[in-house]
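**Q** Okay, here's the structure, questions in a sec.
Number of protein chains: 2
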Amino acid sequence: MTVTPMRRDETALPDSGRAARLSIRANKHQGPTAGLAPGYVQGNLAILAERLAGDFLRFCQLNPKSCPLIGTSAPGDPRVSELGDDLDIRTDLPRYRVWRNGEIIAEPEDIRDFWRDDLVSFVIGCSFSFEEALIAHGIELRHIACGCNVPMYRTSIATRAAGPFHGPMVVSMRPMTPANAIRAVQITTRFPAVHGAPVHIGMPELIGIKDIMKPDYGDAVEVRADELPVFWACGVTPQSVIATVKPDFCITHYPGSMLVTDRRNSEFAIM
Amino acid sequence: MTVTPMRRDETALPDSGRAARLSIRANKHQGPTAGLAPGYVQGNLAILAERLAGDFLRFCQLNPKSCPLIGTSAPGDPRVSELGDDLDIRTDLPRYRVWRNGEIIAEPEDIRDFWRDDLVSFVIGCSFSFEEALIAHGIELRHIACGCNVPMYRTSIATRAAGPFHGPMVVSMRPMTPANAIRAVQITTRFPAVHGAPVHIGMPELIGIKDIMKPDYGDAVEVRADELPVFWACGVTPQSVIATVKPDFCITHYPGSMLVTDRRNSEFAIM
């Protein structure tokens, strides 16, 4: 009788942040990071020249709901050790966008060829963390049920400016029954480091949204007659603001291809 | 030179729960208890015969949002010591209502003449506690600004029945901007023992309220174009349910004349 030793299914998705990064770094995993390493924090990435980094840092600190900073690097240093000991920001995301003067010039799978000694990395919390908590509490998220992107809108809510960085807050919207909206406020309040509580409920026109079925980013989803649209500050805000500034050089993650970290979502729960 | 010793202003309102009760017991304070002993928990009162007490207790436990029980007595015992060492439920409220078969038969200032050995007291948390927290956070309450009673509505939300006790949840409504509504969910979530988080936001028709300007109890208040109606489970629910049952005998507080306790609102905050 031959005994086959138990072994891990090679095709299984990485189940830790580190495993996900190693898989991405080795080009074994490509494409969106949604669903990778459940329970681990994923982040938006913005890389700017040191010259702009001070203002951008201040912008994040002035606008913590839309720009919850969870990690930064020293200038020229590709490590962000608070998010993972071995983390290399140049190789550990599946895909990047490289910008010059507000135009995309490349969408590479690693950015070692673009790296410079004056680059500073900013990692900003993402809604995946609080969505995981909402789902764990049995709240259905329409865009996930529909298999599409969450709808996002530029609003009339101004961010607080810092240096050249200014512009409207971008929000994501999830339709919910009033009871679920109340529960969602409670659940997401626990996660201030990843956007936290909603910024608005109901009445989209009050925050400058003219047509809820025409999002500025992502996909439209149905808001049913017994539902309220619930709005959260969105990590697309800093990208939208950077796009306005048109820095001569910057790098961001490719949409949906986030940085997977070693931090657990539960670490970010304040209670 | 004559030195006048510092002394407390005899006309000042009682500033502790005990001082308020002593003042009421001595008939020095009559009328509504709103504003007495700021920071101290006030409660709704229901007194039932022991025969019904078990079912009513279970009703409260099944419906904690509308019937948050903060104190009970042993049968025939006028004390509710968890709410105040010296508390005598027969004398310590400014006014009572005595009911026979669902009809009010008296509205006395004390109930010693009506007391029986089989009576059980139930003290139920009241919205004064969370309103104090909302006001402390700078949220204006329309009914207070207008000097009227909070509007209350019978809803299509059923309570969970226990024995003869059943009926619709009664809710109170406070209009708020969406940002204040979100903040109010956060603030009142801290106070589960005094109704806690709202039960509904927006869209009154979804909970069976046909006309927001026609409350079933209290007074109508304006809901402005940039506001959502925010609904909390209300301590009038148990009174409304008892009225339906028409017990052969019961005693409640007179509207607005609550029991002032020695417990502080802050004790009831869960975080």
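Quick mapping for you: the protein sequence lines, in order, are chains A and B.
What the first sequence shows, in our numbering, is residues 3 to 273, in sequence order.
What the second sequence shows, in our numbering, is residues 3 to 273, in sequence order.
The beta carbon of each residue, even a glycine, is placed where N, CA and C say it ideally should be.
How about B:A36: is its Cβ closer than 6 Å to a heavy atom in the ligand ADP?
**A** Summarising the ligand content, the structure contains no ligands, and the ligand ADP is consequently not present.
**Q** From the DSSP output, in three-state form, read off A:E12 for me.
**A** Confidence at A:E12 is low in this model, with a pLDDT of 45, below 50, so its placement is unreliable and the value that follows should be read with caution. Note: A:E12 maps to coil in three-state DSSP.
**Q** Nearest by alpha-carbon distance to B:G220: which of B:M154, B:C236, B:A181 and B:K212 is it?
**A** Closest option to B:G220, Cα to Cα, is B:M154.
**Q** Touch check for the segment 147-161 of chain B and the segment 206-215 of chain B: three-plus C-beta pairs under 8 Å?
**A** Segments in contact, yes.
**Q** Taking only runs that begin and end inside the segment 111-185 of chain B, name each unbroken beta strand (DSSP E) of 3 or more residues, in chain order.
**A** Qualifying beta strand (DSSP E) stretches, in chain order: 121-127, 154-160 and 170-178.
**Q** Using CA coordinates, which residue listed in A:N182, A:L38 and A:A39 is at the minimum distance from A:G278?
**A** The first residue shown for chain A is 3 and the last is 273, placing residue 278 of chain A beyond what the model contains.
**Q** I need the straight-line Cα distance from B:A55 to B:R81, nearest angstrom please.
**A** Using only the alpha carbons, I get a separation of about 16 Å.
**Q** Which residues of chain B have a Cβ atom closer than 8 Å to the Cβ of A:D228, listed in chain order?
**A** Result: M205 and L208.
**Q** On the three-state DSSP scale, how would you describe A:F251?
**A** Of the three classes helix, strand and coil, the one that applies to A:F251 here is coil, per DSSP.
**Q** Go to B:Q63, then tell me how far its alpha helix (DSSP H) extends in each direction, as first and last residue.
**A** E52 to L64 is the span of the alpha helix (DSSP H), which, as asked, contains B:Q63.
**Q** Which residues, taken in chain order from the segment 161-178 of chain B, show a beta carbon closer than 8 Å to some beta carbon of chain A?
**A** The segment 161-178 of chain B vs chain A, Cβ under 8 Å: nothing.
**Q** Taking the straight line between their C-alpha atoms, what separation do you get for B:T239 and B:T246?
**A** Their backbone Cα atoms lie some 11 Å apart in a straight line.
**Q** Excluding the 5 residues preceding and the 5 following A:T254 in the sequence, name in chain order all residues of the same chain whose CB lies nearer than 8 Å to its CB.
**A** So the list reads N46, L47, A48, I49, Y98, R99, W101, Q241 and I244, once near-sequence residues are dropped.
**Q** To the nearest angstrom, how far is the alpha carbon of B:D115 from that of B:H168?
**A** Using only the alpha carbons, I get a separation of about 30 Å.
**Q** Residues bridged to A:Y219 by DSSP?
**A** Answer is A:M154, bridged to A:Y219.
**Q** Can you name, in chain order, every residue of its own chain whose Cβ lies under 6 Å from the Cβ of A:M175, other than the five neighbours on each side?
**A** P153, P231 and F233, listed in sequence order.
**Q** Secondary structure at A:Q241, three-state DSSP: helix, strand or coil?
**A** In this structure, A:Q241 counts as helix in the three-state DSSP scheme.
**Q** Can you tell me whether DSSP reads A:P7 as helix, strand or coil?
**A** Note on A:P7: pLDDT 43, under 50, position unreliable in the model; the coordinate value appears next. Here A:P7 sits in coil by DSSP.
**Q** Mind checking which residues open and close the beta strand (DSSP E) that includes A:G73?
**A** Residues L71 to T74.
**Q** For the segment 189-205 of chain A, list every residue whose C-beta sits within 8 Å of some C-beta in chain B, in sequence order.
**A** Against chain B - using a Cβ distance shorter than 8 Å - the residues of the segment 189-205 of chain A are T191, A199, P200, V201, H202, I203, G204 and M205.
**Q** List the residues of chain B that A:V187 touches, going by C-beta distances under 7 Å, in chain order.
**A** Near A:V187 (Cβ distances below 7 Å), the residues of chain B are I184, V187 and Q188.
**Q** Does B:P180 have its Cβ less than 7 Å from a Cβ in chain A?
**A** Yes, contact with chain A.
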